Amino acid sequence: MATLVQLPDSVLLEIFSYLPVRDRIRISRVCHRWKRLVDDRWLWRHVDLTLYTMRPKVMWHLLRRYMGSRLHSLRMGGYLFSGSQAPQLSPALLRALGQKCPNLQRLCLHVADLSMVPITSLPSTLRTLELHSCEISMAWLLKQQDPTVLPLLECIVLDRVPAFRDEHLQGLTRFRALRSLVLGGTYRVTETGLDASLQELSYLQRLEVVGCTLSADSTLLAISRHLRDVRKIRLTVRGLSAPGLAVLEGMPALESLCLQGPLVTPEMPTPTEILSSCLTMPKLRVLELQGLGWEGQEAEKILCKGLPHCMVIVRACPKESMDWWM
Numbered sequence: 001m002a003t004l005v006q007l008p009d010s011v012l013l014e015i016f017s018y019l020p021v022r023d024r025i026r027i028s029r030v031c032h033r034w035k036r037l038v039d040d041r042w043l044w045r046h047v048d049l050t051l052y053t054m055r056p057k058v059m060w061h062l063l064r065r066y067m068g069s070r071l072h073s074l075r076m077g078g079y080l081f082s083g084s085q086a087p088q089l090s091p092a093l094l095r096a097l098g099q100k101c102p103n104l105q106r107l108c109l110h111v112a113d114l115s116m117v118p119i120t121s122l123p124s125t126l127r128t129l130e131l132h133s134c135e136i137s138m139a140w141l142l143k144q145q146d147p148t149v150l151p152l153l154e155c156i157v158l159d160r161v162p163a164f165r166d167e168h169l170q171g172l173t174r175f176r177a178l179r180s181l182v183l184g185g186t187y188r189v190t191e192t193g194l195d196a197s198l199q200e201l202s203y204l205q206r207l208e209v210v211g212c213t214l215s216a217d218s219t220l221l222a223i224s225r226h227l228r229d230v231r232k233i234r235l236t237v238r239g240l241s242a243p244g245l246a247v248l249e250g251m252p253a254l255e256s257l258c259l260q261g262p263l264v265t266p267e268m269p270t271p272t273e274i275l276s277s278c279l280t281m282p283k284l285r286v287l288e289l290q291g292l293g294w295e296g297q298e299a300e301k302i303l304c305k306g307l308p309h310c311m312v313i314v315r316a317c318p319k320e321s322m323d324w325w326m
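Rendered as structure tokens:
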């Protein structure tokens, strides 16, 4: 059996890539070879800093020493916990991030206070922006903002962003490269606001509306009206009925449909009604049902048998992590 010393650099780098950031830096003190490998930019393509509460000095050190042109995705936290004295994200740090890491494409911010951070501070190379439990200023994402900001943005995830409302949703229409939109727990968005915004976001190919106050029927109606090229839909079944689901019949490009519980109501379509609607979708290849209590029951058998051309996935409950969005 080969020892660590005998392993080639490529294998050690792959092993080191699974270590948390703090452990990567610690192992650099083992020997000169490991220090050289830890300094390799390839190892710093994907960085997750959400496990730590870091002083600004440490954050700047990581940026200057380790993060560079190879950085592709970064997860950071701003630590908005009550009473916390932890540092907040600063516009200067985000601007430096964009300058030092010209290939950064995905930025995930968790529990961050962005109320004093202008959106113009974000790296212009971003293709994916995720905001989880973040505070944003009212000026963020409004349509009046500079139209040249985030010109490459293709996907935005808004998970429990309390300030996000109809005006911000309308502002997303200025991101002409946007193709994927995820709304999670954005309770200030109204049915009227969603319908009006989707009219201008007709180029969306992926829409997910989970944990919101919007009814499933109204969401599907807005989708059927404006998103004829949508390929993937995920939504909570709150307020979903058979007639509501029927508005998707014949959707020409729909490839993946996920219906997510646990708010199942008496009006919820039966497995036979879901099957009937899905059979009219010519390109449907994935049907996913989460948290409906149908796993291992007759409902699952009906759908699997009736949709042989589809991958039918029946789960007990939704995944806790939001990584399945990407």
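Residues in the sequence shown are numbered from 1 upward in steps of one, following the UniProt record's numbering.
We put the beta carbon where it would ideally sit given N, CA and C, even for glycine.
Since the structure is predicted, the reported quantities are computational estimates derived from the model, not experimental observations.
Nearest neighbour of residue i, chosen from the options [CA to CA]
{"i": "Gly-291", "options": "Cys-317, Ile-313 and Leu-307", "result": "Cys-317"}
{"i": "Ser-224", "options": "Leu-204, Leu-49 and Arg-238", "result": "Leu-204"}
{"i": "Ala-242", "options": "Gly-193, Leu-214 and Cys-278", "result": "Cys-278"}
{"i": "Ala-253", "options": "Thr-265, Met-281 and Pro-56", "result": "Met-281"}
{"i": "His-61", "options": "Leu-214, Arg-22 and Trp-34", "result": "Arg-22"}
{"i": "Trp-44", "options": "His-32, Gly-171 and His-72", "result": "His-72"}
{"i": "Gly-293", "options": "Pro-262, Arg-65 and Asp-166", "result": "Pro-262"}
{"i": "Arg-36", "options": "Pro-56, Asp-9 and Lys-57", "result": "Asp-9"}
{"i": "Lys-283", "options": "Gln-297, Cys-155, His-32 and Lys-232", "result": "Lys-232"}
Cut-off 6 Å between Cβ atoms - residues of its own chain near residue i, not counting five sequence neighbours on either side
{"i": "Arg-234", "result": "Glu-208 and Cys-258"}
{"i": "Leu-221", "result": "Val-247"}
{"i": "Gly-184", "result": "Asp-159, Val-210 and Gly-211"}
{"i": "Trp-140", "result": "Ile-119"}
{"i": "His-132", "result": "His-110 and Asp-159"}
{"i": "Leu-7", "result": "none"}
{"i": "Ile-27", "result": "Trp-34"}
{"i": "Gly-171", "result": "Leu-141, Leu-142 and Lys-143"}
{"i": "His-295", "result": "Just to set this straight, residue 295 is Glu in the shown sequence, not His. Contacts found: Val-314 and Ala-316."}
{"i": "Glu-273", "result": "Ala-242"}
Contact set for residue i: own chain, Cβ-Cβ below 7 Å, skip 5 residues either direction
{"i": "Thr-173", "result": "Lys-143, Ser-197, Glu-200 and Leu-201"}
{"i": "Val-149", "result": "Ile-119 and Thr-120"}
{"i": "Pro-91", "result": "Val-117, Pro-118 and Ser-121"}
{"i": "Ala-216", "result": "Leu-235, Thr-236, Val-237, Arg-238, Gly-239, Leu-240 and Gly-244"}
{"i": "Thr-186", "result": "Leu-158, Val-161, Phe-164 and Cys-212"}
{"i": "Leu-307", "result": "Leu-275, Cys-278 and Leu-287"}
{"i": "Phe-175", "result": "Leu-150 and Leu-153"}
{"i": "Met-138", "result": "Ala-163"}
{"i": "Glu-167", "result": "Leu-142"}
Short Cβ contact (8 Å threshold) for residue i with residue j
{"i": "Leu-126", "j": "Leu-169", "result": "no"}
{"i": "residue 332", "j": "Leu-107", "result": "No information on residue 332 is available, as it lies outside the stretch 1 to 326 that the chain covers here."}
{"i": "Phe-164", "j": "Arg-179", "result": "no"}
{"i": "Arg-228", "j": "Ser-256", "result": "no"}
{"i": "Ile-25", "j": "Val-5", "result": "no"}
{"i": "Arg-206", "j": "Val-237", "result": "no"}
{"i": "Lys-100", "j": "Met-59", "result": "no"}
{"i": "Leu-287", "j": "Cys-310", "result": "yes"}
{"i": "Glu-191", "j": "Ser-218", "result": "yes"}
{"i": "Leu-13", "j": "Asp-48", "result": "no"}
{"i": "Val-93", "j": "Pro-123", "result": "Just to set this straight, residue 93 is Leu in the shown sequence, not Val. No, the Cβ-Cβ distance between Leu-93 and Pro-123 is not below 8 Å."}
{"i": "Glu-135", "j": "Leu-114", "result": "yes"}
{"i": "Leu-63", "j": "Ala-96", "result": "yes"}
{"i": "Pro-147", "j": "Ala-177", "result": "no"}
{"i": "Val-314", "j": "Leu-289", "result": "yes"}
{"i": "Pro-266", "j": "Ile-302", "result": "no"}
{"i": "Leu-194", "j": "Leu-181", "result": "no"}
Cβ neighbour criterion (16 or more within 10 Å) applied to residue i
{"i": "His-110", "result": "buried"}
{"i": "Gln-260", "result": "buried"}
{"i": "Ser-17", "result": "exposed"}
{"i": "His-46", "result": "exposed"}
{"i": "Val-11", "result": "exposed"}
{"i": "Pro-102", "result": "exposed"}
{"i": "Pro-162", "result": "exposed"}
{"i": "Ala-299", "result": "buried"}
{"i": "His-226", "result": "buried"}
{"i": "Met-54", "result": "buried"}
{"i": "Pro-20", "result": "exposed"}
{"i": "Val-30", "result": "exposed"}
{"i": "Met-268", "result": "buried"}
{"i": "Ile-15", "result": "exposed"}
One or two residues paired with residue i in a DSSP bridge
{"i": "Leu-235", "result": "Val-209 and Leu-259"}
{"i": "residue 327", "result": "The structure shown has nothing for residue 327, since the chain only spans 1 to 326."}
{"i": "Arg-188", "result": "Arg-165"}
{"i": "Ser-28", "result": "None, per the DSSP bridge assignment."}
{"i": "Ile-156", "result": "Leu-129 and Leu-181"}
{"i": "Ile-223", "result": "Note: Ile-223 sits in no beta bridge, so no partner."}
{"i": "Leu-114", "result": "Ile-136"}
{"i": "His-46", "result": "Ser-73"}
{"i": "Ile-313", "result": "Glu-288"}
{"i": "Arg-106", "result": "Ser-73 and Thr-128"}
Sequence-distant residues of the same chain with beta carbon closer than 8 Å to residue i, five excluded per side
{"i": "Gly-83", "result": "With a pLDDT of 47 at Gly-83, under the threshold of 50, the modelled position of this residue cannot be trusted; read the value that follows with caution. There are no such residues."}
{"i": "Leu-89", "result": "Met-76, Gly-78, Leu-109, Ala-112, Asp-113, Leu-114 and Val-117"}
{"i": "Trp-42", "result": "Leu-13 and Arg-70"}
Short CB-CB distance (under 8 Å) between residue i and chain C
{"i": "Leu-114", "result": "The structure shown contains no chain C, having only a single protein chain."}
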